[in-house]
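Taking it in order: structure first as structure tokens, then the write-up.
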Amino acid sequence: MKNPKQKKQRPEVIFQPRAYRSLQRGIDKMVNTITPTLGPFPRLVAIQRLETNQKPELLDSGGTIARRIIQIRNRDEDMGAMLVRHVLWELYEKVGDGTAMTAVMFKSIFDQGVRYVTAGGNSMRLRVYLEEAAQVVLDELLVMKHTLEGKEALGKLAYSICHDLALARMMGEIFDILGEYGRLEIRSGRSRELEREYIEGMYWDGGLVSREMLNDPENLRAWQEETAIIISDLRIEEPQECIPLLEFAIQNQLKALFFMCAEITDRALSILLANKEKVEVIVVKAPAVNIIDRMGALEDMAVLTGGVPLYTQAGERLSSLRPQNIGRARRIWANLRNLVIVGGKGDSRALRQHIVNLRAAFTQAKDANDRKKLRERIGKIMGGSATLWVGGTTPVAVEARKELAEHTAEAMRGALRDGVVAGGGIALLACRPLLQQRTRQAPDLDERAAYSILAKALGEPARVILDNAGLDSYEILAQVRQAGPGKGYDIDRGEIVDMVDAGICDSAAVVREAVFSAVHGAALALTTDVLVHRKLIHESISKTG
Amino acid sequence: MAEQIETQTDDFLYGLASFRKIQPEAADLLFGARASGLYRSTDGISWVPATQSLGSQAFSATAVSVTPGRNADESVIVGLSGGVLYTRDAGETWFSGKMPSPPPVIACLTVSPNYPQDGIILAGSMEDGVLRSADRGQNWSAWNFGLLDLGVMCLAISADFTEDETVFAGTESSLFRSTNGGRAWRELELPSGYDPVMSLACSPDFSQQPGRGGILFAGTESQGLYRSLDRGKDWQVIGEGLLEGIIQNLYLAQSASGSLDCLAVADGKVYLSRNQGDTWCPVWEDHTLLQPAVAVLARDGLQPGASAWLGFAAGEVARVALP
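Structure, rendered in structure tokens:
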């Protein structure tokens, strides 16, 4: 029987000029939805939830807005909208920011490109020249890159992101200490203020397997100094399996031992507890549930402490324990949730090489989740972590401030890692003279058009930021041009300032990636000549979704 | 002409320090950190144990540092193989600093140039990285964010520490810099690879502030002496062919003419440069031929004729004059 909620889509082929017009309308709809979120005074976009009886979702993140729009009504326009959506979402996944900036540049390049191509320009040649021009901008942005150091400069950067003075000061101090990879936990506070705590040592999930092992009951901790650690993902079921561990400890005169395993039964544990007068063995759970994450954590701990882990998959057991399996640390403690290693005695050269490898993997990783996990691993072994307690007047205010803190932290990590350029679109404006010079020198008409199109597009983010703040962008941009390089308009203070000195910066990686995505995405769209709709069955989304 | 002072067999001299009493007529105090304990002298000739008030308990003094400049504060901080001792009355009464457990072996100490006001002391340890006290040595905590090698051999503090909060730490495998008063560290790229950094010195005008000057020297275990004219960004080897082996000690001073004078103890010999390290010549060879020097103290600067103290491995100290 035919489902009344299903309707067939007729196949159709769309040619020019309708193809361009449709793409353009779709791109406009998507970009115009995101544009209000650009700048320090973003406006919100309300998105209806699937459950229509709930309040709409209020968003100011271009990436999230793009992700929420999964289809627009007109199927021709939908192709344009989805094209730009894909570009923005990929960018957001990669660098976590810069989507609104990309969107306005994308639209400008596409609109100008369509005008040029419909007037007789060659779209393929224009695409090639646009991509060449983008490389000029990317190189120029690299030259402009600054590194930020010190809590003052980082505090200013944080303020330009979150516009919360107390939070910005705190973030400046925290990131000055933690660096770009450091572990920062943001929790709801118990007071109205912001508080922070720095913790020495490397943290992992996976606490004590039994309260019986607490040797510091006041602090609910078990700790050892100058201790040996056995890192493993073994599952210990029978008490006899623990005998080689005890024998090994006694033979090697190890009075204190931390033993990490995936699981241990109460029966097996009891034999270790019964012998604690001879050897104090503290058993902790191996971190992570996922096998890949667990392997990563064990590898990190091994490098840090200089021990070789025992792996179940390699057929290893406690009976195969050798002296090289023993890692060492100045101090280890564990509570019921975490394990902390302080002063691992692994080879510091191997540790640094391990960090280099993890950083390389981080740079190459495309998936946001993989990048996050790698960043956490690097942060852990760099030593120490911080907890920020976010307070507020109401639970809703606390949650909002926590989200703001998380967003600020993410943006600051990027800026610390890749350097910063003048914010507010000023770095992009500063690339325009170079492109204008290339325009004058270019012998080819398509090449000249490409440089000219990109030069104009680079001015769009600055213009939109000022417009969004309710200012006269034309007048202010004229003042900015007069003021000279590096100068821009501080919307908060209402005056022309040196943007980097004032802490109004953008992550260099975000700006470069935004230029790359906007140019390559728009250039690809410009070379699209025909749209083809296939025969599909659309199912309307039910209310339960 | 040098005077030989105090010899003890099986001893080792780790460091020398001196501070100036606030009363101009009072004699300055010299301290020597030795394997057999901490010694004190008012004239550089006769030395007495400086921790007599603690009784006869023997301990090894591995580092010593004093309050900078001439002021009412008479703090002396002594690194031990298991903690820190401090005094605020030039050694009359001693206190033990509260350190994290297990007790660290202190390898080096440095005091903030603004110590009378901020009370900051940093201690480098053999296994526990850098420990920091902000209350004149009473309480200590480890601050090792980013310090990937916890074996700290030497520390050097910026002359402009109050403003730039910059400290350098030479470790068993690299060089690290902190720009927040020793709380977090970033590795600097020294061309010596993973060679231990044994000695460090910042020029007296060193500042991390933009537009200000600053020269940094780093002495390594086997790769010679390095100099950075841009606060640790780029490095060049200096004294090649002359300064070889372990660079144990470095001392920098501004001359009256404004140039940078440098003294380096390399593999037991002492070398002097009067042009910020471009050229070097050996000094006090008659002393260092007999036994290797390990430390040098030149509290009056490096101008010709000024007095300096030369410490030898076995614990002896000799007063010498700069050529």
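Protein chains in written order, with my numbering: chain A, 1 to 545; chain B, 1 to 323. Cβ coordinates follow ideal geometry from the N, Cα and C atoms, glycine included.
Is the CB of residue i under 9 angstroms away from at least one CB in chain A?
i	result
Ser141/B	yes
Leu148/B	yes
Thr162/B	no
Ala107/B	no
Thr179/B	yes
Arg367/B	Coverage of chain B is limited to positions 1 through 323, which leaves residue 367/B absent and any answer about it impossible.
Glu3/B	In this prediction, Glu3/B scores a pLDDT of 41, lower than 50, which makes its location untrustworthy; no coordinate-derived value is stated.
Ser36/B	no
Asn114/B	no
So for residue i, helix, strand or coil by DSSP?
i	result
Lys556/A	Limits of chain A in this structure are 1 at one end and 545 at the other, which puts residue 556/A out of reach.
Tyr39/B	strand
Cys108/B	strand
Glu513/A	helix
Trp143/B	coil
Val279/A	coil
Phe41/A	coil
Ile34/A	helix
Tyr474/A	helix
Tyr14/B	strand
Met82/A	helix
Val500/A	coil
Ala314/A	coil
Trp185/B	coil
Phe312/B	strand
Glu277/B	Reading off the sequence, residue 277/B comes out as Gly, not Glu. It is coil, neither helix nor strand.
Gly379/A	helix
Ala134/B	coil
Using a Cβ cut-off of 9 angstroms (strictly closer), state whether residue i contacts chain B.
i	result
Ile541/A	At Ile541/A the pLDDT is 46, less than 50, meaning the model places this residue with poor confidence; the figure from the coordinates comes in the next sentence. With 9 angstroms as the cut-off, Ile541/A does not count as an interface residue toward chain B.
Met382/A	yes
Asp216/A	no
Ser320/A	no
Arg463/A	no
Thr544/A	With a pLDDT of 39 at Thr544/A, under the threshold of 50, the modelled position of this residue cannot be trusted; read the value that follows with caution. So, not an interface residue.
Tyr203/A	no
Glu226/A	yes
Ile229/A	no
Val511/A	no
Glu197/A	no
Gly424/A	no
Lys151/A	yes
Leu142/A	no
Leu178/A	yes
Gly343/A	yes
Ser546/A	The question about residue 546/A has no answer here: the residues shown for chain A are numbered 1 through 545.
Measuring only from the beta carbon, is residue i closer than 8 angstroms to any heavy atom that is part of the ligand ATP?
i	result
Leu175/B	No copy of the ligand ATP occurs in the structure displayed, which carries no ligand at all.
Would you kindly report the start and end of the unbroken beta strand (DSSP E) that includes residue i?
i	result
Trp389/A	Ser385 to Val390
Asn249/B	Ile247 to Gln254
Asp490/A	Lys487 to Asp490
Between the options, which has its C-alpha nearest residue i's C-alpha?
i	options	result
Met301/A	Val279/A, Arg317/A and Lys345/A	Lys345/A
Ala306/B	Arg274/B, Leu322/B, Ser199/B and Arg88/B	Leu322/B
Cys202/B	Gly219/B, Val152/B and Tyr194/B	Gly219/B
Ile491/A	Ala368/A, Thr363/A, Gly470/A and Lys278/A	Gly470/A
Arg375/A	Glu180/A, Leu214/A, Met82/A and Thr439/A	Glu180/A
Ala133/A	Ala523/A, Thr528/A and Arg49/A	Ala523/A
Phe206/B	Phe19/B, Ala313/B, Asn114/B and Phe161/B	Phe161/B
Arg231/B	Gly97/B, Phe168/B and Thr51/B	Phe168/B
Since residue i is in the alpha helix (DSSP H), which residue starts that stretch and which ends it?
i	result
Met171/A	Leu165 to Leu178
Lys233/B	Premise fails: Lys233/B is in no alpha helix (DSSP H) and is neither H nor E.
Ser173/B	Taken as a continuous stretch (DSSP letters only), Ser173/B belongs to no alpha helix (DSSP H), as it is neither H nor E.
Cys431/A	Neither: Cys431/A is in no alpha helix (DSSP H) and is coded neither H nor E.
Ile120/B	Taken as a continuous stretch (DSSP letters only), Ile120/B belongs to no alpha helix (DSSP H), as it is neither H nor E.
Please compile the residues from chain E whose C-beta is within a distance smaller than 9 angstroms of the C-beta of residue i.
i	result
Arg377/A	Although the question refers to chain E, the structure presented lacks it and instead comprises the protein chains A and B.
Q: Report yes or no: do the region 142 to 158 of chain A and the region 170 to 185 of chain A share at least 3 C-beta pairs separated by less than 8 angstroms?
A: yes
Given 8 angstroms, three or more beta-carbon pairs between the region 58 to 76 of chain A and the region 87 to 95 of chain A | Put simply, the region 58 to 76 of chain A touches the region 87 to 95 of chain A. At least three CB pairs are less than 8 angstroms apart.
Could you check whether the region 268 to 275 of chain A touches the region 345 to 355 of chain A, counting it as contact only if at least three pairs of C-beta atoms, one from each stretch, sit closer than 8 angstroms? no
Please confirm if the region 96 to 108 of chain A is in contact with the region 130 to 149 of chain A, defined as three or more CB-CB distances below 8 angstroms between the two stretches. no
Practice problem: Take every Cβ of the region 235 to 246 of chain A, pair it with every Cβ of the region 415 to 424 of chain A, and state whether three or more of those distances are shorter than 8 angstroms. | Solution: In the pairwise beta carbon analysis, the region 235 to 246 of chain A is classified as not touching the region 415 to 424 of chain A: fewer than three pairs are separated by under 8 angstroms.
Check: At a cut of 8 angstroms, does the region 513 to 527 of chain A reach the region 161 to 168 of chain A through at least three beta carbon pairs?
Finding: no
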